[in-house]
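The listed protein sequences derive, respectively, from chains D, C and V.
With my numbering as the guide, the letters of the first sequence map in order to residues 10 to 301.
With my numbering as the guide, the letters of the second sequence map in order to residues 7 to 309.
With my numbering as the guide, the letters of the third sequence map in order to residues 8 to 353.
C-beta: ideal position from N, C-alpha, C; glycine also.
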Amino acid sequence: MPDQSRSIAPRAPRFRNPADEGLGAKLLLTFLALTFLLFFLLMPLVTVFVEAFRGGWDTYVEALVEPDAAAAIRLTLLVAVIAVPLNLAFGLAASWAIAKFDFRGKAFLITLIDLPFSISPVISGLVYVLLFGSGSLLGPWLKSFGIEVLFAVPGIVLATVFVTFPFVARELIPLMEDQGTGDEEAALSLGASGWQTFWYVTLPNIKWGLLYGVLLCNARAMGEFGAVSVVSGRIRGITTTMPLHVEILYNEYNMVAAFAVASLLAGLALVTLALKTILELRFGAGNSGGRH
Amino acid sequence: MAASSTRSTSQLESEPGLPMTNIATAPARWRLKQPSIIPGFGLTLGFSLAYLSLIILIPIAGLFWRSAALGWGGFLSILMDERTLRALYVSFGTAFVAAAVNVVFGVVVAWVLTRYNFPGRRLIDAMVDLPFALPTAVAGIALTAIYAPQGWVGSLFMPFRIAFTPLGIVIALIFIGLPFVVRTVQPVMEEIDHEVEEAAATLGANRFQTITQILLPALTPAILTGFALAFARGVGEYGSVIFIAGNIPYVSEIAPLLIVIKLEEFNYAGATAIATIMLLISFAMLFVINLIQAWSRRRYGNA
Amino acid sequence: MEVTIQNIRKEFERFPALNDVSLKIASGELIALLGPSGSGKTTLLRLIAGLDFPTAGSIFFGDQDASHHSVQERNVGFVFQHYALFRHMTVAQNIGFGLKVRPAANRPPKAEIRRRVSELLEMVQLGGLEKRYPNQLSGGQRQRVALARAMAIEPRILLLDEPFGALDAKVRKELRRWLREFHNRTGHTTVFVTHDQEEALELADRVVVMSQGKIEQVGSADDVYDRPGSPFVFSFIGESSQLPVEVRDGTVLFQGQPIGSAEGAAGAGQLFFRPQDVELVEAQHALFGKITALRRLAGTRIAEIDIANDGHAPYHVEVEVPLHAPVELGSTLRFRPTRWKIFRNR
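Here's what the structure looks like:
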């Protein structure tokens, strides 16, 4: 691979690699890129924290321990704790089926998995309202058993699962496809059972991709707004997750409190990104195979 | 990225008399293109399909079923309503503009991140995923705080309003769609063969010609895919938009918001109709994306 | 177009990839830069092309000092090892690219470009493939398109960087023959880089043997094979064995035993000889050793021989043994080199 060196003959003009643009052009492009990112990425992030601490540290903490906020935090965690493992199981199952086998309809299955990305979150919530709402078949039937889906935790979990289930699968599928079936076939030929193969051979191979998928899934599960907004009824203190609580506070013009809760979510996002960078540094480019 | 496994080409599946030695369960055998010793096909595929059916297929089927119940007449009358049309126009229009802006700047960002080295590059590269990890509502209130008349940037442009107009929506959608273009284009850029650029130079092309005639065309499929992804995402975006949009009917009201409003009015029919049309367009976009990728794979292959 | 390379030095972060290299390439000749990886041959080629600038020294195209001309200004035709074809363009568009990007003043009209493209395709025997895309072509076809593309700009000199390296053996042989014949037809000055000595010896008018950033020897195939100028060239080209000897009073001594006569001053040195330049003898003053391996090679046999070295690891040489000779594994063979070269220790 040719070297990108800059050799300067003492009495000669500065060499420019023909596959490079001049320094001026490079600076301009870099400036454009960084300014764009500064405006659109950095500013909103910084704003969250600036506004959250506008009233000082005490006001900040107060906003978080306030009963409704605390309830929202608890609910968000609860939903994540249920939704993420479910999606993890699905992700593992789906990527195993897709990566290790060749079958009719595989492409269709993959497209199906990508579906939530192209659907508006509001629609994701709407479908559950239609399914379990008062005008449907399932809703009143379940209610007769005392099971409330809409405007209650189960509905929120369902909507969250819908919106976030592709994440683990999308990380794992390209990764496992790249790895092929060689390792598993070797283990089987040595006498390992299916589960042993999975546990001792497959899992270690995919652990970084898996971790990243779970991280993303979790970040989105905790931050989902549109879908949850539709199914939850936004009953303050009972069916509000953190994002919904932020909205409520904002609409009441309680800006500092709104940003305080928002800052927790922003912090979560930063932690997710930091962990991703660390994972990539440790494991190289191999772990994040999927397109985002 | 085809699975590179060594498979036997035996005709096991077409010879019913042969004893079953492979572990893939019998009912699933008809689906497998080739027999495999790897276990768990039936289990994993079954679980995946069941999960998908419960979570996606049945709910979406429910949507279409409800929508069909409206009948053509009902469906069209809701769609043709002025407010609905304007909302769709706002959603698609702003998404288009935002995706276009993202294409231009996204390519520049991807270029700078891939080809140049400067302090903090890794950090900035990681940050590109921020819109992906940050909850939409958080982005929404933050952007509003910045571009509202009293905000840092908004106050600079007064009396020209940024927030609470379609322009505010565009800005929010640029934020949301940013990683889609960058992350789709980046891997392709990284793969560009250095030698191809040198070859163009030896043939007499200057840098500008090389970039416009050789590099950008090679990136076109990735750029188109990134655009389509950002566009599709922008059309359906809710959380980051409703704070900054102002939500003035006929002016800055997006289609997802209209769906929510109809739901709150218990106008399930209205909500369903709008949702269906949006869903159909989403499917169309997905289809287009797949076409682009298939076309580029065929055209460019592995030269 | 003749090219003169004068005292070129090229450093990559202080590492000298080329160290005081000088070479004169005659107009119309087909010359090979031959050497192992790291010898600097590709670096030299790229310097000629202008894909890199020298740290010191000059490159002349004819009478012009082109050392600091950009690659676009030099008008060279470069063919890459992996073709570097433009994937999104048809064969015709690839070949016509060099003409299309010329400034308006020099650009030929579209019809003219099309005509030239067809002409070139015929020349590389790929007529009719204008509308194909690179991914629809075989490796050998792609390389010929790359050559046609380089020829389209009527370059002053053609540079080929391991042009057949990415092809399989049979295609490589065919293209080698084809390139020689092509060169005879067109008469362009051509420089190609290779690490395959068979290729270099077969194709080139002259061979430039390089090692570690220096030119070891320049000469025809016969020159480098029969009259190698340095230990490196002797051992790199063809098969060879070497033994430490001493020259005293006109006699060559190995381990104190005379094995032949030599001129020149007394002193120690290394004796190089080729497997086929030996005779089997029964005489006293000969080399001898145990046969450790015996293998068949075309119409003859090669014996690997261990010559004792007084307690240290034995010297290992290879000797050609006629089919009818009564030798077997493990027996002792006595032989004497008939032609050799002694390189004195410095």
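From this set, the options, which residue's C-alpha is nearest residue i's C-alpha?
i, options, result
"VAL93/D", "ASN26/D, LYS115/D, PRO175/D", "PRO175/D"
"GLU186/D", "LEU284/D, ASP111/D, VAL90/D", "ASP111/D"
"LEU377/V", "GLU9/V, GLY47/V, MET8/V, LEU37/V", "The shown model of chain V, from 8 to 353, leaves out residue 377/V, and the question about it has no answer."
"ILE267/C", "ARG89/C, TRP78/C, GLY52/C", "ARG89/C"
"ALA266/D", "VAL55/D, VAL74/D, GLY33/D", "VAL74/D"
"PHE49/D", "TYR274/C, TYR95/C, THR150/C", "THR150/C"
"PRO76/D", "MET52/D, TYR262/D, ILE247/D", "ILE247/D"
"MET96/V", "ARG149/V, ASN14/V, ASN113/V", "ARG149/V"
"GLY274/V", "GLU253/V, PRO282/V, VAL285/V, LEU287/V", "GLU253/V"
"LEU104/D", "PHE62/D, ILE182/D, PHE45/D", "The displayed chain sequence assigns Ser, not Leu, to residue 104/D. The shortest C-alpha separation from SER104/D is found at ILE182/D."
"ASP175/V", "GLY146/V, HIS190/V, LEU154/V", "GLY146/V"
"ILE66/C", "ILE122/D, PHE117/D, SER133/D", "SER133/D"
"PHE207/D", "LEU135/D, THR190/D, ASN26/D", "THR190/D"
"VAL241/C", "LEU264/C, LEU269/C, PRO41/C", "LEU264/C"
"HIS195/V", "GLN291/V, ILE164/V, GLN143/V, GLU126/V", "ILE164/V"
"TYR122/C", "LEU224/D, ALA34/D, MET231/D, LEU197/D", "ALA34/D"
"ILE280/C", "PRO45/C, GLY160/C, LEU82/C, LEU60/C", "LEU82/C"
"ALA42/D", "VAL115/C, GLY46/C, LEU38/C", "VAL115/C"
By the 10 Å Cβ neighbour count, where 16 or more other Cβ atoms means buried, how is residue i classified, buried or exposed?
i, result
"GLU169/V", "buried"
"THR27/C", "For THR27/C, the predicted model reports a pLDDT of 43, less than 50, meaning its position is unreliable; a value from the coordinates is still stated below. With fewer than 16 other Cβ atoms within 10 Å, it is exposed."
"LYS117/V", "exposed"
"VAL177/D", "buried"
"TRP204/D", "exposed"
"TRP117/C", "buried"
"ARG83/D", "exposed"
"ALA228/D", "buried"
"ASN352/V", "exposed"
"HIS254/D", "buried"
"PHE293/C", "exposed"
Would residue i pass as an interface residue toward chain D - the criterion being a Cβ-Cβ separation below 8 Å?
i, result
"PRO45/C", "yes"
"LEU58/V", "yes"
"PRO33/C", "Model confidence at PRO33/C stands at a pLDDT of 47, short of 50, so the residue's coordinates are unreliable and nothing is read from them."
"VAL78/V", "yes"
"TRP78/C", "no"
"ARG128/C", "yes"
"SER161/C", "no"
Using a Cβ-Cβ distance cut-off of 8 Å, determine whether residue i contacts chain V.
i, result
"LEU209/C", "yes"
"ASP29/D", "no"
"VAL194/C", "no"
"ASN123/C", "no"
"ALA224/C", "yes"
Counting contacts by CB-CB distance shorter than 8 Å, is residue i in contact with chain C?
i, result
"ALA275/D", "yes"
"GLY146/V", "no"
"PHE87/V", "yes"
"ALA91/V", "yes"
"ASP111/D", "yes"
"LYS152/D", "no"
"PHE171/V", "no"
"ALA201/D", "no"
"HIS301/D", "Since pLDDT at HIS301/D reaches only 35, below the 50 mark, its modelled position is unreliable, and the value read off the structure follows with that caveat. Yes, HIS301/D lies at the interface with chain C (some Cβ there is under 8 Å from its Cβ)."
"VAL210/D", "no"
"HIS403/V", "What is shown of chain V runs 8 to 353, which leaves residue 403/V out entirely."
"ASP123/D", "yes"
"VAL200/V", "no"
Kindly identify the DSSP beta-bridge partner or partners of residue i.
i, result
"THR11/V", "LYS31/V, PHE67/V"
"ASP313/V", "LYS297/V, HIS323/V"
"ARG16/V", "ALA63/V"
"PHE342/V", "LEU287/V, LEU294/V"
* Counting only runs that start and end within the segment 73-111 of chain V, where is the beta strand (DSSP E) found for 3 or more residues in a row? -> Within the segment 73-111 of chain V, the complete beta strand (DSSP E) segments of 3 residues or longer fall at 83-86, listed in chain order.
* To do: Kindly provide the ranges of any alpha helix (DSSP H) runs that are 4 or more residues long and lie completely inside the segment 165-243 of chain V, ordered along the chain.
  => Counting only unbroken stretches of 4 or more residues, the alpha helix (DSSP H) elements lying wholly within the segment 165-243 of chain V are 176-193, 204-210, 228-233, 238-243, in sequence order.
* Would you list, in sequence order, the uninterrupted alpha helix (DSSP H) runs of no fewer than 4 residues that lie entirely inside the segment 72-152 of chain D? => With a minimum length of 4 residues, the continuous alpha helix (DSSP H) runs that stay inside the segment 72-152 of chain D are 76-109, 115-127, 130-141.
* To do: Would you list, in sequence order, the uninterrupted beta strand (DSSP E) runs of no fewer than 3 residues that lie entirely inside the segment 256-293 of chain V?
  => Those beta strand (DSSP E) runs which fall completely within the segment 256-293 of chain V and span 3+ residues are 258-261, 264-268, 274-280, 285-287.
* Asked: Can you list the beta strand (DSSP E) stretches of 3 or more residues lying completely in the segment 27-87 of chain C, in chain order?
  -> Those beta strand (DSSP E) runs which fall completely within the segment 27-87 of chain C and span 3+ residues do not exist here.
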